[in-house]
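Asks: Heads up: take any position in the sequence shown, counting from 1, add 34, and you land on the numbering used here. Note that beta-carbon positions come from the ideal geometry of N, C-alpha and C, so glycine has one too. Sharing a structure with you now.
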Amino acid sequence: MPSSKAMLATALAKANTAVQLDNTHSYTFARKYYQESCVLLSALVDRASKEKDREKLRAIRQTYLQRIEQLGGSGPEES
């Protein structure tokens, strides 16, 4: 299993890709990357040892979940 630092970097990279796709109106692909980022952020919330870190991660995830909803998609599909 990757380190928390690597997971966070991947989650943020996926979110950045989602935002870029969102800005170019590629909503289906943006939604996919937002969902993938949310799955990783959820795993990080579970791993975080400090409540302050968990709150920050939840807030970031909530922002992406709201955007997924605006794009007409369901939440993250965890496998």
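Check whether the stretch 72 to 80 touches the stretch 54 to 62, counting contact only when three or more Cβ pairs, one atom from each stretch, lie closer than 8 Å.
Replies: As far as the Cβ criterion goes, the stretch 72 to 80 does not touch the stretch 54 to 62, which means the pair count is below three.
Asks: Go to M41, then tell me how far its alpha helix (DSSP H) extends in each direction, as first and last residue.
Replies: Stepping through the sequence shown from its first residue, residue 41 is reached at position 7. That run of the alpha helix (DSSP H) goes S38 to N57.
Asks: Could you tell me which uninterrupted alpha helix (DSSP H) segments, each at least 4 residues in length, are contained entirely in the stretch 55 to 84, listed from first to last along the chain?
Replies: Here the runs fully enclosed are 61 to 81.
Asks: If contacts are defined as beta-carbon pairs under 8 Å, then Y171 and I102 qualify, I think. What distance do you get, rounded to the angstrom?
Replies: No statement about residue 171 is possible, as the shown extent of the chain runs from 35 to 113 and does not include it.
Asks: Quick one: what does DSSP say L105 is sitting in, helix, strand or coil?
Replies: Stepping through the sequence shown from its first residue, residue 105 is reached at position 71. Three-state result, L105: coil.
Asks: Measuring CB to CB, does L99 end up less than 8 Å from C72?
Replies: The sequence position of residue 99 within the sequence shown is 65, counting from 1. The sequence position of residue 72 within the sequence shown is 38, counting from 1. Cβ atoms of L99 and C72: closer than 8 Å.
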